[in-house]
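In our numbering, the protein residues as written are -17 to 210.
The beta-carbon is built from N, C-alpha and C at its ideal position, and this holds for glycine as well.
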Amino acid sequence: MSKKKLVVLTGAGISAESGLKTFRDSDGLWEGYNVYEVATPRGFAANPKLVLDFYNMRRRDVANAKPNAAHIGLAELENDFDVQIITQNVDDLHERAGSKQVLHLHGEIFKMRSVKNASVTYEILGDIQVGDMAEDGSQLRPFIVWFEEEVPLLPTAIQIVQTADILVIIGTSLQVYPAAGLVNYAKRAIPKFIIDKKIPYASAINNLTVIEKPAGEGMNVLIEKLNH
Ligand code: APR
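Encoded structure:
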């Protein structure tokens, strides 16, 4: 009997207990920066050094962080389900916890690209500086989808959600589109679960079980419910 397809949409909240800051918990500033200064093409054009340094710091934070119980719980669910994770996070904590199918809608902090070409990526563990050029001769930048940029993996993500037998949403405020709109592509009748320490307004998602707990604890409740 093939395993049920469990699709999980995760956001910054699932990495909060690993010590990585979320976006909207800290009064609109992100590590003291205005998000629009450091996560938009305009911000990068205006001050590439500020933006590159911002992501150099984020990259170090992620390298020093560890997967938490929520990431590990999702990886263990692969024993019983065909788990497909669609994350808005750019950290690699799902992969480091052992999850095998992870789609990063907003890019990946340990990858970089040239300013000209979004489809050729290079691994990076250290920093990117102004003047670090790609093979195409243009400046290297983080492989991150900034505000106002298109989300190339969106069609793939939609197709995955449409084929889910169970949908789980963990640690996202569901405020940033198109990611937030993915929940509407799930079949109406399938069971849906949301884990968040403060459940966001989740529009009219039907057949929804709400688990209002921090992600680590909430994962235990979810596993209980999935096994019954
Ligand atoms: N456990 C569970 N949920 C938590 C925890 C926790 N320990 N801490 C915070 N949360 C929840 C918050 O209540 C909120 O609903 O996680 C969510 C975090 O929301 P955001 O900060 O908006 O993060 P996210 O939804 O991932 O942001 C989406 O916005 O800035 C852009 O591209 C960026 O991917 C990001 C996107």
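With a cut-off of 7 Å, the C-beta of Gln157 is classified as near the ligand APR, since at least one heavy atom of the ligand falls inside that distance. One Cα belongs to Val112, the other to Gly(-7), and the distance between them is close to 29 Å. Not one heavy atom of the ligand APR lies closer than 7 Å to the C-beta of Val(-10).
In this structure, Thr191 and Lys207 form a Cβ contact; the two beta carbons are roughly 7 Å apart against a cut-off of 8 Å.
Exclusion of Pro30 from the 7 Å shell around the ligand APR follows from its C-beta lying no nearer than that to any non-hydrogen atom of the ligand. In this structure, Glu(-1) has its beta carbon less than 7 Å from a heavy atom of the ligand APR. Rounded to the nearest angstrom, the Cβ distance from Val(-11) to Gln66 is 5 Å, consistent with a contact under 8 Å. Going by beta carbons, Thr145 and Lys(-13) fall inside the 8 Å limit. Looking at the DSSP output, Tyr37 bridges to nothing.
Gln66 carries a strand assignment under DSSP once its states are collapsed to helix, strand and coil. Val133 sits close to Leu87, with the two beta carbons spaced by under 8 Å. Asn209 sits in coil when the DSSP states are folded into three classes, being neither helix nor strand. With a cutoff of 8 Å on beta-carbon distance, Gly89 and Ile126 are scored as near each other.
In terms of CA proximity to Arg123, Ala27 leads the group His53, Ala197, Asn202 and Ala27. If you compare the alpha carbons of Val97, Ser96, Tyr37 and Asn61 with that of Asp73, the shortest gap goes to Tyr37. By the CB criterion at 8 Å, Ser81 and Leu107 fall outside the cutoff.
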